[in-house]
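*Asks:*
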Amino acid sequence: MFLAVPDTHPLASQKSVHLSQFAEDGFITLKQGSSLRETTDALCALAGFKPRIIFESDDPATVRGLIRAGQGVAFVPAITWKGTTDSSVVLLHVKHPECTRRIELHWMKDRYLSMAAQAFRQFTIDYFSRLPLSAYPVRSND
């Protein structure tokens, strides 16, 4: 997870930040009930504050556009947002609290997996194995 900020934000030039430094910032997020919104609320609570939500949307592109326009900050998933922002949005590493989320793929070893399910499982394992291991550890249960 990264904290996306407009390039005009006072902390945009930092390599890493503490989330508590953003306690007064306005947060742009997906609507209540989404996992990213739950993650935003939980991480801010760990940092000792309740996020000041200034805009909620169902559309990640709208969230990116509002950040780009300097309207606020938002948590963004590293995998899905890398490469979808331009230089007007800066992705900051948050060093405290640790801002991660876990993606897991489970299957029952002794159960039949269709060819499509096997192909999907292998694709997923291969995809995450090619990412930097320090950021995305991959463990196979085969």
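Going by this note's numbering, the letters in the sequence shown line up with residues 1300 to 1441, in that order. No residue lacks a Cβ here, since even glycine has one placed at the ideal position from N, Cα and C. In this text, all values refer to a predicted model and were calculated from it rather than measured experimentally.
Would you check if the segment 1319-1329 and the segment 1348-1367 touch, i.e. whether three or more CB-CB distances between them fall below 8 Å?
*Replies:* In short, these stretches touch, since the Cβ pair count reaches three.
*Asks:* Over what stretch of residues does the alpha helix (DSSP H) that includes residue 1335 continue unbroken?
*Replies:* From DSSP, the alpha helix (DSSP H) with residue 1335 extends over 1334-1345.
*Asks:* Distance check for residue 1409 and residue 1378, CA to CA, integer angstroms please.
*Replies:* Each residue's alpha carbon lies about 31 Å from the other.
*Asks:* Measure the C-alpha to C-alpha separation of residue 1392 and residue 1414 and round it to an integer number of angstroms.
*Replies:* The alpha-carbon atoms of residue 1392 and residue 1414 are separated by roughly 39 Å.
*Asks:* Could you please give me the residues that DSSP links to residue 1356 through a beta bridge?
*Replies:* 1329.
*Asks:* Which residue marks the beginning of the alpha helix (DSSP H) containing residue 1419, and which one marks its end?
*Replies:* Segment 1414-1429, the alpha helix (DSSP H) holding residue 1419.
*Asks:* Please check the pair residue 1308 and residue 1394, which I expect to be a contact at CB under 8 Å, by giving their CB distance rounded to whole angstroms.
*Replies:* No, residue 1308 and residue 1394 are not in contact; Cβ-Cβ is about 17 Å, not under 8 Å.
*Asks:* Let me confirm a value: residue 1407 is counted as buried when at least 16 other C-beta atoms fall within 10 Å, else exposed. Which label applies?
*Replies:* It counts as exposed.
*Asks:* Count the CB pairs spanning the segment 1411-1430 and the segment 1333-1346 that are closer than 8 Å, and state whether there are at least three.
*Replies:* Taking 8 Å as the limit for Cβ pairs, the verdict is that the segment 1333-1346 does not touch the segment 1411-1430.
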